[in-house]
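Some notes on the structure that comes next.
Numbering (this note's numbering), first residue to last: 1 to 126.
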């Protein structure tokens, strides 16, 4: 008769806290799971947690990454606290050019340009 294999106490505790789960699924579902894991880099456990809504879905993570990247891009192009807008470079000195709507001069100039250009809502005009 074969001798019983020694299992360290730490391994026994780990297995008690983290039991194995198995299930039979269709070949199509298994392939879909494999594709999801390859695309996202997630484990079986992470995919299961998302499915059970125990873990936030990947879409939320992607949204957060995009939102943060947009904020960072805005700061790089000079948008500060929603008051400054990067317009490009000055045609004379080639330095960055901004509208700062917190300044009366810039705000009045912008209002004048908008009023003179005949801008309107898309649903108001043809």
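C-beta: ideal position from N, C-alpha, C; glycine also.
Look at the segment 17-78 and you find these whole runs of alpha helix (DSSP H), each 4 residues long or longer: 27-40, 44-51, 58-76. Residue pairing of residue 98 in beta bridges, as defined by DSSP: 86. Per DSSP, the continuous alpha helix (DSSP H) segment holding residue 107 begins and ends at 104-117.
Pairing residue 52 with residue 6, the inter-Cα distance amounts to about 36 angstroms.
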